[in-house]
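Data block below; observations after.
2 protein chains.
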Amino acid sequence: MTSSFAFDVVCGDGAARRGRLRLPHGTVETPAFMPVGTRAAIRGLTVDQVEALDPDIILANTYHLHLRPGDTLIAELGGLHTFMGWTRPILTDSGGYQVFSLATRRRVDETGVTFRSHLDGQLLSLTPESAVEIQARLGSDIAMMFDECPPWPASFETVEAAMERTLRWARRAREHFERVRAGQVPDVPMSTPGQVQFGIVQGGTFPELRDRSVAGTVALGFEAYAIGGLSVGEPTDIMYEMVAHTAAQLPVDRPRYLMGVGTPLDLVECVARGIDMFDCVLPTRNARNGQLFTRRGPIVIKHAQYARDPLPPDPECGCPTCRRHSRAYLRHLFLAGEMSAAALNTVHNLYFYLDTMKAIGKAIESGSFSSFRRQFHEAYARRPAE
Amino acid sequence: MTSSFAFDVVCGDGAARRGRLRLPHGTVETPAFMPVGTRAAIRGLTVDQVEALDPDIILANTYHLHLRPGDTLIAELGGLHTFMGWTRPILTDSGGYQVFSLATRRRVDETGVTFRSHLDGQLLSLTPESAVEIQARLGSDIAMMFDECPPWPASFETVEAAMERTLRWARRAREHFERVRAGQVPDVPMSTPGQVQFGIVQGGTFPELRDRSVAGTVALGFEAYAIGGLSVGEPTDIMYEMVAHTAAQLPVDRPRYLMGVGTPLDLVECVARGIDMFDCVLPTRNARNGQLFTRRGPIVIKHAQYARDPLPPDPECGCPTCRRHSRAYLRHLFLAGEMSAAALNTVHNLYFYLDTMKAIGKAIESGSFSSFRRQFHEAYARRPAE
Numbered sequence: 003m004t005s006s007f008a009f010d011v012v013c014g015d016g017a018a019r020r021g022r023l024r025l026p027h028g029t030v031e032t033p034a035f036m037p038v039g040t041r042a043a044i045r046g047l048t049v050d051q052v053e054a055l056d057p058d059i060i061l062a063n064t065y066h067l068h069l070r071p072g073d074t075l076i077a078e079l080g081g082l083h084t085f086m087g088w089t090r091p092i093l094t095d096s097g098g099y100q101v102f103s104l105a106t107r108r109r110v111d112e113t114g115v116t117f118r119s120h121l122d123g124q125l126l127s128l129t130p131e132s133a134v135e136i137q138a139r140l141g142s143d144i145a146m147m148f149d150e151c152p153p154w155p156a157s158f159e160t161v162e163a164a165m166e167r168t169l170r171w172a173r174r175a176r177e178h179f180e181r182v183r184a185g186q187v188p189d190v191p192m193s194t195p196g197q198v199q200f201g202i203v204q205g206g207t208f209p210e211l212r213d214r215s216v217a218g219t220v221a222l223g224f225e226a227y228a229i230g231g232l233s234v235g236e237p238t239d240i241m242y243e244m245v246a247h248t249a250a251q252l253p254v255d256r257p258r259y260l261m262g263v264g265t266p267l268d269l270v271e272c273v274a275r276g277i278d279m280f281d282c283v284l285p286t287r288n289a290r291n292g293q294l295f296t297r298r299g300p301i302v303i304k305h306a307q308y309a310r311d312p313l314p315p316d317p318e319c320g321c322p323t324c325r326r327h328s329r330a331y332l333r334h335l336f337l338a339g340e341m342s343a344a345a346l347n348t349v350h351n352l353y354f355y356l357d358t359m360k361a362i363g364k365a366i367e368s369g370s371f372s373s374f375r376r377q378f379h380e381a382y383a384r385r386p387a388e
Numbered sequence: 003m004t005s006s007f008a009f010d011v012v013c014g015d016g017a018a019r020r021g022r023l024r025l026p027h028g029t030v031e032t033p034a035f036m037p038v039g040t041r042a043a044i045r046g047l048t049v050d051q052v053e054a055l056d057p058d059i060i061l062a063n064t065y066h067l068h069l070r071p072g073d074t075l076i077a078e079l080g081g082l083h084t085f086m087g088w089t090r091p092i093l094t095d096s097g098g099y100q101v102f103s104l105a106t107r108r109r110v111d112e113t114g115v116t117f118r119s120h121l122d123g124q125l126l127s128l129t130p131e132s133a134v135e136i137q138a139r140l141g142s143d144i145a146m147m148f149d150e151c152p153p154w155p156a157s158f159e160t161v162e163a164a165m166e167r168t169l170r171w172a173r174r175a176r177e178h179f180e181r182v183r184a185g186q187v188p189d190v191p192m193s194t195p196g197q198v199q200f201g202i203v204q205g206g207t208f209p210e211l212r213d214r215s216v217a218g219t220v221a222l223g224f225e226a227y228a229i230g231g232l233s234v235g236e237p238t239d240i241m242y243e244m245v246a247h248t249a250a251q252l253p254v255d256r257p258r259y260l261m262g263v264g265t266p267l268d269l270v271e272c273v274a275r276g277i278d279m280f281d282c283v284l285p286t287r288n289a290r291n292g293q294l295f296t297r298r299g300p301i302v303i304k305h306a307q308y309a310r311d312p313l314p315p316d317p318e319c320g321c322p323t324c325r326r327h328s329r330a331y332l333r334h335l336f337l338a339g340e341m342s343a344a345a346l347n348t349v350h351n352l353y354f355y356l357d358t359m360k361a362i363g364k365a366i367e368s369g370s371f372s373s374f375r376r377q378f379h380e381a382y383a384r385r386p387a388e
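Top line first, the protein sequences correspond to chains A and B. Sequential numbering of the first sequence, starting at 3, is according to this note's numbering. Sequential numbering of the second sequence, starting at 3, is according to this note's numbering.
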């Protein structure tokens, strides 16, 4: 059995950690932000442009790629890395969240979820086992287990039932993953030998349920663990509390991945609570809507105040967009509906997120994370330079 | 009076020429293809991506930029080059063609054209003089005179009247350009000192009208001349005849620009008839529709036959898209509606056009243009490798 997985905590500062995660396609320096490439593409960018931004790892989506172009097609073409021309690590989300948020006429039972494709209405299903198989064919470095995501707000009983089912699915997912990894499942190639599987902790905003979920999931022996079901509408302070509470119980020698979070401040605050990995659509989606993150808070590029503004979006930024273009030009592109507006804004926002993670890592290494955290908050609350 | 304009014919092969055009922002090797950046952006690409494709000159549009963001705004920000972050030569089309094809409720009289903006219905006008002033503010290297473009087909009388008016407008345009260049027009800065102005020959598909248009336009002493009013629906063989007929009468020591043409075969055929400069939306527009030009003819990437095709779009191509991506991946991006499909296809098509122009130039230099021309036709008629 191939295994190139390893995680080393290089150093810590309070609960914040600086680590190094070894995966089949390369090493990820943590804390890490993973740009979201749902359909085997970071929306708005070419793979060349993504590579120039230098993320250690990106994320793709099991649900979307299963629907189109199909995981068997991708496996035939050599797996997701060859298919999209990306050589570094990839994490695939299991599709759980998408089934619960995108698919129509959804039916959940103990077996899994039956649903209609949001593309063509075709009747499909995802189960803990099929999510393992799809991700094996895709050949990501990290496969996520298939979980049930309750809505927010939901009653204790609803969240408890989803958490308990997620635990039962976790056992089936892990067992099936080990069978696939051992080559015991016909017609399911492991496109990336050495693929690892992360478990997902659920339990909503109920500490007691989080505790039971952690205990049950960790007992199954996944390579690492994610915290799911947060940033789904609950207040930020409750999210932070849940992150701190849950992260503290996860194994110290495994990376901790907070799914779907968050704003730049969330990244800083959740690293402070022990998180190592993040993904979020915020930098890419908001870029397409004309919101640019800067070290002094976000700006909305379409506003009239930028019409004749010769400054780059963030004068303190070294990204390709800020090195070349003014707010005035970016505003023009956005209002004209030019696709390059989305590309240039996405380059900037992802650079900002990745650069923030690097700065966090350096601050942890030099033991100055708490002063970094305070300064980041102060700068972020300031108005953009004008 | 600043003047960095010069044109040298390096060598010729039949009517085909290999030349060098010196402009304020740099040198253009001819024959040259100018990617179309209507709204101060090549649609689908960032300026970084355009620069990597290495065109000597790009085109932008007077009509569109006058409407949005406005030429006074661009002048305030230092002119078009600074505004868009592009350092090499730019040619601005005068807006004549766009007024006649895009604007609504158009009224043409001897003064110029009054029309309603296709964006917001605002009542605007363009005249030979205002087109000069707008382009002076934009600060392109080459400004085009404002012409009247008759539809096709049109009667001899209609085309004659438009050609005669274009000649009268040409005189006004040239006189006004010289006044602006001499600094005699208040509030009209020449954002690019050394800007030059090209005249436009009209006359439809009537050789006699073309002859009169050439004589009258050349008499006005523009820095160079363009052939307008072709590739507007007339049969290709008639277009080629008109190009040969008209180009032969234009001054040999000035570059000849064929406006809005054309397919890869058109480029080869019109260079053979004495043309030095081209622009066309075909490579960029068709890229967005999923058509990729290859050395063996165009392919339509959405076709099912490419679903599992691991080959690059054109196995003989060295562009960033072909070096990295398969037809299968490009088809997936196109069908998924990913913006990067447009970017990758545009990169490929523009690379193909620019590379074809380079190959034509080399063939002329080595005296092998006629065999190049034959081989290009033969390869282009072949089916793409599968």
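Glycine included, each C-beta is placed from N, C-alpha and C at the ideal position. Treat the numbers as computed from the prediction; the structure is a model and nothing was measured.
Check                                                                                                                                                          : Outcome
By the 7 angstroms beta-carbon criterion, what residues does the segment 79 to 91 of chain A contribute toward chain B?                                        : Leu79, Phe85, Met86 and Gly87
If you compare alpha carbons, which of B:Ala133, B:Arg326, B:Asp311 and B:Met146 is closest to phenylalanine 224 of chain B?                                   : B:Met146
With DSSP as the reference, label serine 368 of chain B as helix, strand or coil.                                                                              : coil
What are the residues of the segment 45 to 61 of chain A that lie near chain B, defined by any Cβ-Cβ distance shorter than 7 angstroms?                        : Arg45, Gly46, Leu47, Thr48, Val49 and Asp50
Which residues in chain A sit within 7 angstroms of leucine 335 of chain B, going by Cβ to Cβ distance?                                                        : Ala43
Could you tell me whether the segment 134 to 143 of chain B touches the segment 213 to 231 of chain B, using the rule of 3 or more Cβ pairs below 8 angstroms? : no
Is the shortest distance between the beta-carbon of tyrosine 259 of chain A and the beta-carbons of chain B less than 8 angstroms?                             : no
Taking the alpha-carbon positions, what's the valine 220 of chain A to aspartate 149 of chain A distance?                                                      : 15 angstroms
Is there a C-beta anywhere in chain B that falls below 8 angstroms from the one on arginine 326 of chain A?                                                    : yes
Taking C-beta pairs closer than 8 angstroms, name the residues in chain A that methionine 36 of chain B reaches, listed in chain order.                        : Chain A residues near methionine 36 of chain B: none, gap ~18 angstroms exceeds 8 angstroms.
Would you kindly check if the distance between the Cβ of isoleucine 44 of chain B and the Cβ of isoleucine 92 of chain B is under 8 angstroms?                 : no
Run through chain A and tell me which residues come within less than 7 angstroms of alanine 453 of chain B, C-beta to C-beta.                                  : The question about residue 453 of chain B has no answer here: the residues shown for chain B are numbered 3 through 388.
Just to confirm before moving on: does the CB-CB distance between alanine 105 of chain B and histidine 83 of chain B stay below 8 angstroms?                   : no
What is the rounded straight-line gap between the Cα of tyrosine 401 of chain B and the Cα of proline 266 of chain B?                                          : Lying before the first or after the last residue shown, residue 401 of chain B is absent from chain B, which here runs from 3 to 388.
In the segment 343 to 363 of chain A, which residues sit with their C-beta less than 9 angstroms from some C-beta in chain B, listed in chain order?           : Ala343, Ala344, Ala345, Leu346 and Val349
Quick one: which unbroken alpha helix (DSSP H) runs of 4-plus residues sit fully inside the segment 145 to 185 of chain B? Chain order, please.                : 158 to 183
Can you tell me whether tyrosine 259 of chain A is helix, strand or coil according to DSSP?                                                                    : strand
Output, in chain order, the set of chain B residues within a Cβ distance shorter than 8 angstroms of alanine 309 of chain A.                                   : Pro71 and Leu75
To the nearest angstrom, report how far apart arginine 109 of chain B and serine 103 of chain B are at their CA atoms.                                         : 13 angstroms
Is serine 328 of chain A closer than 8 angstroms to leucine 313 of chain A when the C-beta atoms are compared?                                                 : yes
Can you list the beta strand (DSSP E) stretches of 3 or more residues lying completely in the segment 16 to 79 of chain B, in chain order?                     : 18 to 25, 28 to 32, 34 to 36 and 60 to 63
Going by DSSP in three states, valine 254 of chain B sits in which element: helix, strand or coil?                                                             : coil
Measure from the alpha carbon of aspartate 111 of chain B to the alpha carbon of each residue in B:Glu177, B:Pro191 and B:Arg167, then state which is nearest. : B:Arg167
Buried or exposed: asparagine 288 of chain B, going by 16 or more other Cβ atoms within 10 Å of its Cβ?                                                        : buried
Could you work out which residues of chain B lie near alanine 105 of chain A, taking near to mean beta carbons separated by less than 8 angstroms?             : Result: empty, since nearest Cβ-Cβ is about 17 angstroms, beyond 8 angstroms.
What number of angstroms, rounded off, separates the C-alpha of threonine 358 of chain A from the C-alpha of alanine 34 of chain A?                            : 10 angstroms
State the DSSP-derived secondary structure class of alanine 274 of chain A, mapped to helix, strand or coil.                                                   : coil
Please confirm if alanine 289 of chain A has its CB atom under 8 angstroms from at least one CB of chain B.                                                    : no
Would a check of beta-carbon distances place tyrosine 331 of chain A closer than 8 angstroms to chain B?                                                       : yes
On the DSSP letters alone, give me the boundaries of the alpha helix (DSSP H) that aspartate 213 of chain B sits inside.                                       : 209 to 220
Okay, do the segment 15 to 29 of chain B and the segment 36 to 55 of chain A touch, 3+ Cβ pairs below 8 angstroms being the bar?                               : no
Using a Cβ-Cβ cut-off of less than 8 angstroms, give me the residues of the segment 271 to 285 of chain B that come near chain A, in sequence order.           : none
With DSSP as the reference, please indicate the residues paired to isoleucine 92 of chain B in a beta bridge.                                                  : B:Ile60
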